[in-house]
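Quick notes on the structure that follows.
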Amino acid sequence: MQKQTSLKDTLAVVTGGGSGIGAACSRELAQQGARVAVLDRNSESALKVAQEFGGLAFECDIADDEKMANVAQLIEAEMGPVSVLVNCAGIVQGRAGVYDMPMRKWDEIIRVDQRGTYVSCISFARAMLTRGHGSIVNIASVAGIRSMPLHAYAPAKAAVISMTETLAAEWGPSGIRVNAVSPGFTRTEGMVAAIEGGFMQASAMTSTAALQRLVEPAEIARAVIFLASSASSAITGINLPVDCGWLAGAGWSAYGGLPALRR
Ligand SMILES: NC(=O)c1ccc[n+]([C@@H]2O[C@H](COP(=O)([O-])OP(=O)(O)OC[C@H]3O[C@@H](n4cnc5c(N)ncnc54)[C@H](O)[C@@H]3O)[C@@H](O)[C@H]2O)c1
2 MQKQTSLKDT
12 LAVVTGGGSG
22 IGAACSRELA
32 QQGARVAVLD
42 RNSESALKVA
52 QEFGGLAFEC
62 DIADDEKMAN
72 VAQLIEAEMG
82 PVSVLVNCAG
92 IVQGRAGVYD
102 MPMRKWDEII
112 RVDQRGTYVS
122 CISFARAMLT
132 RGHGSIVNIA
142 SVAGIRSMPL
152 HAYAPAKAAV
162 ISMTETLAAE
172 WGPSGIRVNA
182 VSPGFTRTEG
192 MVAAIEGGFM
202 QASAMTSTAA
212 LQRLVEPAEI
222 ARAVIFLASS
232 ASSAITGINL
242 PVDCGWLAGA
252 GWSAYGGLPA
262 LRR
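Numbering (the working numbering), first residue to last: 2 to 264.
Now the structure itself:
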């Protein structure tokens, strides 16, 4: 990918940067010349990713507002002003019937995926507001756009899309952009393990996607780079699906599915 120089030497923070989509975003930001702080509740995996490109790793729970405020201050003190925040940390939910999921589990998913994303935004935006610029990208999901049997995760991701709009309007006058990327089914380590363990079926996810395949983590990262950088300087408050056309193709199952390959 061509270097977008607006990210060169800027400081970017990636939550959930220790694995999957967050790790891919951390690597792509570093590739673009940004200095990257990798945040994760798993300090070992955060450190492993950060060491690949000479970044710094920080252990955190994104839903803990007091600790996140401290981590944000610490990063600004140790590394300098944060210009880009990418919120990837999240808990992915498996299918569960309404009465099969304990409320404790429901609370934890809402706490991390919804509250945590909000807490991270407000923790890092505080200093961005004093400087009058910054770009935040929240990782939502196609589950926040279309119904899925994920009774905590899907509403939490819909909330991420909504808070992206509300915060974009709140902070736009102060020079901060807030956008979301909604991945479709993505071939992360976790997804591969779910497929190999028989919890997810690859063909069920790909047969309704226009491009007939899973998304690669690096493809999410490239969309994040676009929204984080000045290449998208007039864009705020949007939700960009990166889903291999899953949203476009999902409704076709009622009509016998997508057409066969044509040559
Ligand atoms: N993989 C997919 O198909 C897919 C699809 C749509 C959306 N997403 C979203 O993308 C994001 C990344 O997902 P992934 O598939 O890469 O998952 P992942 O499990 O590989 O990565 C999530 C990371 O977040 C960290 N994390 C979890 N809770 C945390 C907390 N409270 N504080 C700090 N760090 C925490 C984990 O330790 C992990 O490193 C998530 O928000 C997920 O909902 C994933």
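The beta-carbon is built from N, C-alpha and C at its ideal position, and this holds for glycine as well.
- Non-local beta-carbon contacts of Gln115 in its own chain, meaning distances under 6 Å to residues more than five positions away in sequence, involve Ala157, Ala160 in chain order.
- In this chain, Asn43 is not harboured by any beta strand (DSSP E), its DSSP state being neither H nor E.
- The beta-bridge partner set that DSSP reports for Val243 consists of Pro184.
- Short of 7 Å from the beta carbon of Gly117, and not among the five residues preceding or following it, lie these beta carbons of its own chain, in chain order: Ile63, Ala64, Ala90.
- The distance from the Cβ of Leu12 to that of Met80 is about 5 Å, consistent with a contact at the 8 Å cut-off.
- Per the coordinates, the alpha-carbon of Ala35 lies some 5 Å from the alpha-carbon of Asp10.
- Around the CB of Ala78, fewer than 16 other CB atoms lie within 10 Å, so the residue is classed as exposed.
- According to the DSSP secondary-structure assignment, Phe59 is paired through a beta bridge with Leu40.
- Around the Cβ of Ala141, a 10 Å sphere holds 16 or more other Cβ atoms; the residue is buried.
- Looking at the DSSP output, Asn71 shares a beta bridge with no other residue.
- For Thr16, the enclosing beta strand (DSSP E) stretches over residues 12–16.
- Between ligand 1 and Arg116, a heavy atom-to-CB distance of less than 7 Å is absent.
- Within the same chain, Cβ atoms closer than 6 Å to the Cβ of Phe186 are found at Met206, Leu215, the five residues on either side in sequence being excluded.
- In the DSSP assignment, Gly191 falls within the unbroken alpha helix (DSSP H) covering 190–197.
- Following the DSSP letters along the chain, one finds Ile140 inside the beta strand (DSSP E) bounded by residues 135–140.
- Relative to Val15, the option among Gln74, Leu75, Asn71, Val83 whose CA is nearest is Val83.
- Secondary structure of Val93 (DSSP, three-state): coil.
- Around the beta carbon of Arg127, fewer than 16 other beta carbons lie within 10 angstroms, which makes this residue exposed.
- Bounds of the alpha helix (DSSP H) holding Ser124 are 118–132.
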